[in-house]
Amino acid sequence: MTAYWWDKDKNAVAISYKDNRLILTVDDAQALLRQLEMLLPERPSRDEPEEPGFYRTRTGAFLRKNSNGAWSALFINGDLIPRYWNDQDDYAKWETVLDCLYPRAFPLTPTTAPYPLKGE
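And the structure:
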């Protein structure tokens with residue numbers, strides 16, 4: 819079975835199926851990918867924030883970067899969430915933060931602590 823898809827410039831891309839497999843020429847595949855990239859939103863930044871402080875993820879997690887660059891996860895009341903990171907530590911490096919959080923959690927938004935933190 820062959821289907822045709824037209825891009826915004828009215829260029830046809832032939833899409834063939836055989837035995838449940840998608841068959842595209844290289845040119846057609848590249849054209850299709852270019853068009854799909856236009857439809858997708860830009861990837862949010864996953865760069866580590868430079869400043870220590872409090873950050874909120876897009877998924878609602880509350881994080882803190884301390885002056886040593888270590889990251890911790892906090893409950894909304896400011897208490898540390900113990901063993902939050904995949905390696906079972908209370909504090910993590912940025913690479914671990916990236917491994918533990920879903921891509922939809924980014925970008926991080928600077929925020930303030932909602933309550934006074936314990937011990938401060």
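According to this note's numbering, the residues represented by the sequence shown are 819 to 938, in order. For every residue, glycine included, the Cβ atom is placed at its ideal position computed from N, Cα and C.
Give the DSSP bridge partners of LEU881, in chain order.
TYR873 and ALA891
Which of helix, strand or coil DSSP assigns to THR929
strand
State the CB to CB distance for the pair ARG882 and SER890, rounded to an integer number of angstroms; the pair is presumed to be in contact (CB under 8 Å).
5 Å
Can you tell me whether VAL844 is buried or exposed, with buried defined as 16 or more other CB within 10 angstroms of its CB?
exposed
Apart from the five residues just before and just after THR877, which ones in its own chain have a Cβ nearer than 8 Å to its Cβ?
LEU919, TYR920, ARG922 and ALA923
Might you give, ordered along the chain, the residues of its own chain that have their beta carbon closer than 7 Å to the beta carbon of GLN848, omitting 5 neighbours on each side?
Correct list: empty, nothing qualifies.
Taking DSSP as the reference, what is the three-state secondary structure of GLU938?
At GLU938, the pLDDT of 49 sits below 50, so the modelled position is not reliable; the number obtained from the coordinates is stated separately. The answer is coil: DSSP assigns GLU938 none of H, G, I, E or B.
Could you give the DSSP three-state label for LEU919: helix, strand or coil?
coil
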